[in-house]
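Below: the structure, in structure tokens.
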Amino acid sequence: MDRLPLILSTLCFLLGFAATLASLRTGRHGLRRFHVAMMAGGFALQTLFLLQRGRTIGHCPLTDLFEVLAFLSWSAALFYFGIGRAFRLSLLGMFTAPLLVLLQTGALLAPIDPPHRLFAPHNPWVQFHAALCVMAYGAFALAGVAGVMYLAQERQLKRRHLGVFFFEMPPIADLATANLRLLWAGILLLSAGLASAASIGMAVAPSVWTWGAVLWGAYLLLSLARRMGPRRTALFSAGAFLLAAAALCLFNHFYQGGGL
Amino acid sequence: MQILCLGLSHQTAAVETRERFAIPDTELARALGTLGSLPGIAETAIVSTCNRVEFYAAATDVHAAMCSLLQFAAERGKCAPVVPKPFYALKGEAALGHLFRVVSGLESMVIGETEILGQVKKAYAAAAAAGSTGRNLNKFFQRAFNVAKEVRTSPAITRGPVSVGSVTVDLAEKIFGKLAACRAMILGAGETSELTAKALLSRGVKSIFVANRTFERAASLAAAMGGEAIRFDEAARRYPEIDILISSTAAPHAVVTRAQIAPVLRQRSGRPLFLIDLAVPRDIEPCVNDLDGAFLYDIDSLQAIAHQGMEVRRKEIARCETLIARHVGDFHAWLTTGRPLPSHAEPGTAEPSLNPAAS
Chain A
0 MDRLPLILST
10 LCFLLGFAAT
20 LASLRTGRHG
30 LRRFHVAMMA
40 GGFALQTLFL
50 LQRGRTIGHC
60 PLTDLFEVLA
70 FLSWSAALFY
80 FGIGRAFRLS
90 LLGMFTAPLL
100 VLLQTGALLA
110 PIDPPHRLFA
120 PHNPWVQFHA
130 ALCVMAYGAF
140 ALAGVAGVMY
150 LAQERQLKRR
160 HLGVFFFEMP
170 PIADLATANL
180 RLLWAGILLL
190 SAGLASAASI
200 GMAVAPSVWT
210 WGAVLWGAYL
220 LLSLARRMGP
230 RRTALFSAGA
240 FLLAAAALCL
250 FNHFYQGGGL
Chain B
0 MQILCLGLSH
10 QTAAVETRER
20 FAIPDTELAR
30 ALGTLGSLPG
40 IAETAIVSTC
50 NRVEFYAAAT
60 DVHAAMCSLL
70 QFAAERGKCA
80 PVVPKPFYAL
90 KGEAALGHLF
100 RVVSGLESMV
110 IGETEILGQV
120 KKAYAAAAAA
130 GSTGRNLNKF
140 FQRAFNVAKE
150 VRTSPAITRG
160 PVSVGSVTVD
170 LAEKIFGKLA
180 ACRAMILGAG
190 ETSELTAKAL
200 LSRGVKSIFV
210 ANRTFERAAS
220 LAAAMGGEAI
230 RFDEAARRYP
240 EIDILISSTA
250 APHAVVTRAQ
260 IAPVLRQRSG
270 RPLFLIDLAV
280 PRDIEPCVND
290 LDGAFLYDID
300 SLQAIAHQGM
310 EVRRKEIARC
320 ETLIARHVGD
330 FHAWLTTGRP
340 LPSHAEPGTA
350 EPSLNPAAS
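Protein sequences, first through last, are from chains A and B.
By numbering that gives the first Met the number 0, the letter at position 219 of the first sequence is numbered 218, and the numbering carries on one by one without gaps.
By numbering that gives the first Met the number 0, the letter at position 201 of the second sequence is numbered 200, and the numbering carries on one by one without gaps.
Structure follows, in structure tokens:
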């Protein structure tokens, strides 16, 4: 029953997504407000779930892939609320909601949540490191969403064929800015996470360090490479999230059983 | 009891004619009082905007009321008391349908615009406050507002730009967001580029450079728009300073090349560049559009988008007319036979859909 808030949260995001689709079809802006309310409700329920789970296991809820996915989804929702009302009301929410539904449905349906154990108190710095890293992935996930939106908007502008969603999309310059800001937020969080791991001399396999460093380097280059152009930045931020997701699975595999 | 409407609009009269008959807010109460006291008129309301002047009346005697309206309009415009050409005189269902279309934005210069609804609401409120409306006009105007609301449940009636100027402005806003930080440049001071630049300025573009082969022409246009005139051969050097380039020269070859724009884009740190080519033959090399961050539109592509917007709205108009015709029938029956008005959009009633996807 402790999964109930997460199930309800997933339903909220699903309803929010449906409301945006309906508002695009009918032009009823009241449905947009309903969408934001559903996103807020879903975020509150996610938070409740993570709090309850943390209390139950006596540990930051990052002890298995199920919890990691729930935490990642919460981080993406946090960044979604953090990057401004204008983006939320102009379809970013519509693109974010299905990602959250996908992450949470995957977490709920896959057999990746073994029976709870009570963990011995861990070094809080280790938990801090894990939380920072997963939050960084949340920012990268949303950067990927902004990247996909940029590419969709750019395609319509370049081809001079404006589809039904065109006038609902945020300005392409704002998407490029949001993309870059999210990349920067992610790289700062990841840097802090890796630095905290290094400062406490966390014992990890060399492959994990290598992956972490590759990921950090790739995102750092992406954030710095302004001359690369907004299109390539958008393309790489969408693609790099796949790399981040792969890294996350590797780290989880490495830590499985011990808790992060 | 019949509803009458005597009016003129942007469709029938030029602005010089409209302004002769316009009634400013300060004179509205007195005009309503005068109109209401004329023979045959039981209730009255006046809609006076920059695009239309219309006198509505609930008439006990149709002929006398129409004569009164004409007399009033003639006095107002200082002309003979016969129907002057730009006026339309409507009665019964024609008058009902007319107001329903007006408040729905179907009679507006830009079809589907929403400002007119607020203007008619204001006119009705003024008439109600002056005590010149009664049961019939109250019901009529309130019904009209409901119809407008129903019509606007369809997003397509207001969605999308319908002229080259509005396409340009909408595209600029979709590229940059707020235009307050944007600088534009006109290359070749033609009429279309001037109109386009004015449309951009009206949406808050920060500043405009004007470059023309004849510097004096550039200077005069720049002065008219509050911009800065530059020499034509200096224009390329100023490209890094601008966000929007409107080109409309009479040159027989491209004057803006990929080789000029590519380094400019590299200096812009990812900020896009919007290029509008209004010239025939074209001024800007088409391959500029392939550059990352450059968005090039020529006159054909702008017109195609405007046409697309107009087509969407035209299709919607047909659906709106069906809905309005039903409301006119219902209201006319209420007015003439006292048959109760059906409450609109009740669940389960066969409401004509305004949504293309639903039909």
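Think of the CB as a built atom: it goes at the ideal place given N, C-alpha and C, for glycine as much as any other residue.
Query raised in the report: So, is lysine 84 of chain B buried or exposed, given that buried needs 16 or more other C-beta atoms within 10 angstroms?
Result: Locating residue 84 of chain B in the second sequence gives position 85, where the first residue counts as 1. Exposed is the call here.
Query raised in the report: Distance, Cα to Cα, leucine 200 of chain B vs serine 206 of chain B?
Result: For the purposes of this step, residue 200 of chain B is taken as residue 201 along the second sequence, with counting starting at 1. For the purposes of this step, residue 206 of chain B is taken as residue 207 along the second sequence, with counting starting at 1. Those two C-alpha atoms are separated by around 8 Å.
Requested in this report: Return no unless some Cβ of chain B is closer than 8 Å to the Cβ of leucine 161 of chain A.
Outcome: Counting from one through the first sequence, the residue named residue 161 of chain A turns up at place 162. True, the Cβ-Cβ gap to chain B drops below 8 Å.
Query raised in the report: Could you give the uninterrupted runs of the beta strand (DSSP E) lying entirely in the segment 231-272 of chain B, keeping only those of 3 residues or more?
Result: Those beta strand (DSSP E) runs which fall completely within the segment 231-272 of chain B and span 3+ residues are 243-246.
Query - Residues that isoleucine 174 of chain B contacts on chain A, provided the C-beta gap is smaller than 8 Å - result: Counting from one through the second sequence, the residue named residue 174 of chain B turns up at place 175. The contact set of isoleucine 174 of chain B on chain A, defined by CB atoms closer than 8 Å, consists of Leu156, Pro170, Ile171 and Ala172 in chain order.
**Report entry** Any 3 or more C-beta pairs closer than 8 Å across the segment 237-250 of chain A and the segment 52-64 of chain B
**Finding:** They do not touch, by the three-pair rule.
Query - Burial state of aspartate 242 of chain B (16 or more Cβ within 10 Å) - result: Within the second sequence, the letter at position 243 stands for residue 242 of chain B. Buried, by the Cβ-count rule.
Requested in this report: May I ask you to report which of helix, strand or coil DSSP gives threonine 113 of chain B?
Outcome: Along the second sequence, read from residue 1 onward, the residue named residue 113 of chain B stands at position 114. Coil, per DSSP.
Requested in this report: May I ask you to report which of helix, strand or coil DSSP gives threonine 152 of chain B?
Outcome: Residue 152 of chain B sits at position 153 when you count from the first residue of the second sequence. Here threonine 152 of chain B sits in coil by DSSP.
Query - Sequence-distant residues of the same chain with beta carbon closer than 7 Å to glutamine 152 of chain A, five excluded per side - result: Here residue 152 of chain A refers to the residue found at position 153 when the first sequence is read from its first residue. Excluding positions up to five away in sequence, the list reads Met168, Ile171 and Leu174.
Report task. Give a yes or no on whether the C-beta atoms belonging to glycine 203 of chain B and alanine 188 of chain B are separated by under 8 Å. Result -> Your numbering for residue 203 of chain B matches position 204 in the second sequence. Your numbering for residue 188 of chain B matches position 189 in the second sequence. Not in contact: glycine 203 of chain B and alanine 188 of chain B (Cβ atoms no closer than 8 Å).
Query raised in the report: Can you tell me where the alpha helix (DSSP H) with lysine 90 of chain B in it begins and where it stops?
Result: The count along the second sequence starts at 1 and reaches residue 90 of chain B at position 91. Here lysine 90 of chain B belongs to no alpha helix (DSSP H); instead the beta strand (DSSP E) covers 87-90.
Query raised in the report: Are the C-beta atoms of proline 346 of chain B and some chain A residue less than 8 Å apart?
Result: Translated into positions along the second sequence, residue 346 of chain B becomes position 347. Its pLDDT being 35, under 50, proline 346 of chain B is placed unreliably in this model, and the value from its coordinates should be taken loosely. Chain A contact via Cβ: absent.
Query raised in the report: Between the segment 174-207 of chain A and chain B, which residues of the former have CB atoms less than 9 Å from a CB of the latter, in chain order?
Result: Answer set for the segment 174-207 of chain A: Ala175, Thr176 and Leu179.
**Report entry** Cβ-based burial, tryptophan 124 of chain A [other Cβ within 10 Å; buried from 16]
**Finding:** By one-based count along the first sequence, residue 124 of chain A stands at place 125. Burial call: exposed.
Query raised in the report: Roughly how many angstroms separate the alpha carbons of aspartate 276 of chain B and leucine 295 of chain B, rounded to a whole number?
Result: Sequence index remark: in the second sequence, residue 276 of chain B carries index 277 (1-based). Sequence index remark: in the second sequence, residue 295 of chain B carries index 296 (1-based). Spanning the two alpha carbons is a distance of roughly 7 Å.
**Report entry** leucine 68 of chain B and leucine 5 of chain B closer than 8 Å at C-beta
**Finding:** Position 69 of the second sequence, counted from the first residue, corresponds to residue 68 of chain B. Position 6 of the second sequence, counted from the first residue, corresponds to residue 5 of chain B. Contact flag set, yes.
**Report entry** Residue environment, alanine 18 of chain A, which counts as buried when at least 16 other CB atoms sit within 10 Å
**Finding:** The residue you call residue 18 of chain A lines up with position 19 of the first sequence. It is buried - the Cβ of alanine 18 of chain A has at least 16 other Cβ atoms within 10 Å.
**Report entry** Cβ neighbours of arginine 182 of chain B in the same chain (closer than 8 Å, five flanking residues each side left out)
**Finding:** Within the second sequence, numbered from 1, the residue matching residue 182 of chain B stands at position 183. Same-chain partners within the cutoff: Val204, Lys205, Ser206, Ile207, Phe208, Glu240, Ile241, Asp242 and Ile243.
Query raised in the report: glycine 176 of chain B to alanine 317 of chain B, Cα distance in whole Å?
Result: Along the second sequence, read from residue 1 onward, the residue named residue 176 of chain B stands at position 177. Along the second sequence, read from residue 1 onward, the residue named residue 317 of chain B stands at position 318. In a straight line, the C-alpha of glycine 176 of chain B is about 33 Å away from that of alanine 317 of chain B.
Query raised in the report: Is there at least one Cβ from chain B nearer than 8 Å to proline 60 of chain A's Cβ?
Result: If you number the first sequence from 1, residue 60 of chain A lands on position 61. No, proline 60 of chain A does not count as interfacial toward chain B.
Requested in this report: Just mark valine 14 of chain B as buried or exposed, buried being the case when its beta carbon has 16 or more other beta carbons within 10 Å.
Outcome: The sequence position of residue 14 of chain B within the second sequence is 15, counting from 1. Answer is exposed; the Cβ neighbour count stays below 16.
Report task. With 7 Å as the limit, tell me which residues of the segment 289-300 of chain B have their beta carbon closer than that to any beta carbon of chain A; keep them in chain order. Result -> Answer in chain order: Asp291, Gly292, Phe294, Tyr296 and Ser300.
Query - Distance, alanine 194 of chain A Cα to histidine 58 of chain A Cα - result: Taking the first residue of the first sequence as position 1, residue 58 of chain A is located at position 59. Taking the first residue of the first sequence as position 1, residue 194 of chain A is located at position 195. Rounded to the nearest angstrom, the gap between the Cα atoms of histidine 58 of chain A and alanine 194 of chain A is 21 Å.
**Report entry** Contact residues within the segment 301-314 of chain B, judged by C-beta distance below 8 Å to chain A
**Finding:** Closer than 8 Å at the C-beta level to chain A, one finds these residues of the segment 301-314 of chain B: Ala303, Ile304 and Gln307.
Query raised in the report: Taking 8 Å as the CB-CB cut-off, is glycine 360 of chain B touching chain A?
Result: There is no way to answer for residue 360 of chain B, as the model of chain B reaches only from 0 to 358.
Query raised in the report: Any idea if threonine 336 of chain B is buried or exposed, counting beta-carbon neighbours within 10 angstroms, 16 or more meaning buried?
Result: Your numbering for residue 336 of chain B matches position 337 in the second sequence. With a threshold of 16 other beta carbon atoms within 10 Å, threonine 336 of chain B falls short and is exposed.
Query raised in the report: Which residue comes first and which comes last in the beta strand (DSSP E) that contains arginine 325 of chain B?
Result: For this step, residue 325 of chain B is matched to residue 326 along the second sequence. No beta strand (DSSP E) holds arginine 325 of chain B; the alpha helix (DSSP H) holding it covers 298-336.
Query raised in the report: Which of the residues in the segment 256-277 of chain B, read from start to end, lie with their CB under 7 Å from any CB of chain A?
Result: Within the segment 256-277 of chain B, the qualifying residues are Arg265, Ser268, Gly269, Arg270 and Pro271.
**Report entry** Within chain B, partners of phenylalanine 165 of chain A - CB distance below 8 Å
**Finding:** Against the first sequence, residue 165 of chain A aligns to sequence position 166. Think of a sphere of 8 Å around the beta carbon of phenylalanine 165 of chain A: the chain B residues whose beta carbon falls inside it are Lys173, in chain order.
Query raised in the report: Since methionine 184 of chain B sits in a beta bridge, which residues does DSSP pair it with?
Result: In the second sequence, the residue the question calls residue 184 of chain B occupies position 185. Looking at the DSSP assignment, methionine 184 of chain B forms a beta bridge with B/Phe208 and B/Leu244.
Query raised in the report: Mapping DSSP to helix, strand and coil, what is glutamate 74 of chain B?
Result: Here the question's residue 74 of chain B lines up with position 75 in the second sequence. Taken through DSSP and simplified to helix, strand or coil, glutamate 74 of chain B comes out as helix.
Report task. Could you tell me which residues DSSP puts in a beta bridge with glutamate 227 of chain B? Result -> One-based indexing of the second sequence puts residue 227 of chain B at position 228. Per DSSP, B/Phe208.
Requested in this report: Give, in chain order, every unbroken run of the beta strand (DSSP E) that is at least 3 residues long and sits entirely within the segment 34-73 of chain B.
Outcome: Entirely contained in the segment 34-73 of chain B, the beta strand (DSSP E) runs reaching 3 residues are, in chain order, 40-47 and 51-58.
Requested in this report: Taking leucine 187 of chain A as part of the beta strand (DSSP E), name the residues at either end of that continuous run.
Outcome: Translated into the one-based positions of the first sequence, residue 187 of chain A becomes position 188. It is not in any beta strand (DSSP E) - leucine 187 of chain A instead sits in the alpha helix (DSSP H) that spans 171-198.
Query raised in the report: On the three-state DSSP scale, how would you describe glutamine 401 of chain B?
Result: Chain B is shown only over 0 to 358; residue 401 of chain B falls outside these bounds and no answer can be derived.
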